[in-house]
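First up is the structure itself, then whatever we jot down about it.
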Amino acid sequence: MKHPEKITEENLTALMEFILLDFAEVPHLQGFLFGLFLIIYIIILISNGTIFLITKLDPALQSPMYFFLGNFSFLEICYVSVTLPRMLTNLWTQRRAISFVACATQMCWILMLGTTECFLLAVMAYDRYVAICNPLHYPLVMNHKVCVQLVAGSWVSGVPVQIGQTFQIFSLPFCGSNLINHFFCDIPPVLKLTCGNTSVNEMIVYIVFLLFVMVPFLLILLSYGKIISTILKLPSTRGQAKAFSTCSSHLIVVALFFGSGIITYLRPKTQDSAGTDKVLSLFYTIIIPLFNPMIYSLRNKDVIMALQKLLWK
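Going by the UniProt record's numbering, the sequence shown wraps up at 313, each residue one higher than the last.
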């Protein structure tokens, strides 16, 4: 019978850095992928930055809905900047090493910003609920002070828990391989490198996921259940179409973001799940921030008019 090798200090010291494999399996495509992701990153920065700018400068966009949209665009810039610059560096230099501290820092920021996105999407759904279901009370309920408090709460509410979760994961002993088969330091691939039984840690991950992802998602579903019920009671089809148009962009983003995240973290893990996890992670960390400005601008006349005025100036 083979006894498990004792974990020595030398073994742990050897894992003071990790190797992010990202696209290592396609060496002939490194240059193409670098160019592709660089263009995507520039588009994300420009498009989301433009949305953020016009919601701050255009007088026609000084309502709670656009206040939240501006903050959401700024969040998308922060979210994608945690992963894409590192990926671009790896593709350009072919040096995929990331230090223990840098890996922990990246994971912590991803978790905190992901939590913020979940809460902010829930806040945006609540804003639409008040606007459609209680329009007479909307200016009073969603005043500027309340909007600032809701955004601030979205940004800070998950910080202590996610810092604690990251510290707890990186406090585990690491042994064996230091190869992370992923584009960034996400929880599932990092946990695979730890020693011993991680069932307790995985249970904590699921609990945190339920609190910070599923609870906001259920609140969004509840809000839109009320919204749809109210819209269907409107007397004119034109009024129904206008109400649906103000919610459709947000619903598309919610479906894309929560759908990919829930599939990634809640589906059963198998030996062959790493490839699927990588594709899904690309989807919710890069593809969604890329398409968000297009989704909101193409379906919103006020945003299109503000963009035209900005370009005309």
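Backbone N, C-alpha and C define an ideal beta-carbon position, used for all residues, glycine too.
Residue i classed as buried or exposed, judged by whether at least 16 other C-beta atoms fall within 10 angstroms
i	result
Asn143	exposed
Phe32	exposed
Gln62	exposed
Val82	buried
Gln162	buried
Ala104	buried
Met203	exposed
Leu111	buried
Pro139	exposed
Val279	exposed
Tyr206	exposed
Pro293	buried
Val151	buried
Reduced DSSP category for residue i - H, G, I as helix; E, B as strand; rest coil
i	result
Ala102	helix
Phe119	helix
Tyr296	helix
Leu20	strand
Phe183	coil
Thr198	coil
Identity of the residue in the options nearest residue i by Cα
i	options	result
Ser229	Ile77, Ile132, Pro216, Asn292	Ile132
Thr246	Leu211, Val141, Asp302	Asp302
Phe79	Pro135, Gln106, Phe68, Leu57	Note that residue 79 corresponds to Tyr in the displayed sequence, not to Phe. When each option's Cα is compared against that of Tyr79, the closest is Gln106.
Ala24	Thr116, Gly261, Ser199, Thr93	Thr93
Phe212	Ile39, Leu121, Met305, Leu311	Leu121
Gly70	Asp186, Ser99, Trp109, Cys147	Cys147
Pro173	Asn197, Leu84, Phe184	Asn197
Leu38	Gly114, Phe52, Leu84, Asn300	Leu84
Gly158	Leu191, Trp109, Pro135	Trp109
Phe183	Leu282, Ser199, Gln149	Leu282
Ile286	Ile40, Ile204, Asn134, Ser236	Ile40
Phe68	Arg95, Phe119, Ile304	Phe119
Leu221	His250, Pro27, Pro135, Arg95	His250
Leu310	Val26, Ser47, His28, Leu36	Ser47
Asn134	Ser223, Leu219, Leu36	Ser223
Ile187	Val26, Leu75, Asp277	Asp277
Nonlocal neighbours in the same chain, by C-beta distance under 6 Å from residue i, ignoring five residues either side
i	result
Gln30	Leu91
Ala306	Ile54, Asp58, Leu61
Ser99	Glu17
Ile252	Ile295
Arg96	Ile19, Leu20, Asn90
Trp312	none
Leu191	Thr198
Beta-carbon contacts of residue i that lie in its chain and below 7 Å, excluding the five residues immediately before and after
i	result
Ile43	Leu290
Trp155	Thr116
Ile304	Ser297
Close-in-space but distant-in-sequence residues of the same chain around residue i (CB under 8 Å, 5 per side omitted)
i	result
Met65	Met124, Asp127, Arg128, Ala131, Thr246
Phe34	Leu88, Leu91, Trp92
Gly49	Ser73, Ile77
Lys56	Gly70
Cys195	Ile7, Leu172, Pro173, Phe174, Cys175, Gly176
Closer than 7 Å to chain B by CB, residue i
i	result
Ile288	Among the chains of the structure shown, chain B does not appear; only one protein chain is present.
Contact between the segment 212–223 and the segment 255–267 (3+ Cβ pairs under 8 Å)
yes
Segment contact, 8 Å Cβ cut-off, at least three pairs: the segment 247–258 with the segment 167–174:
no
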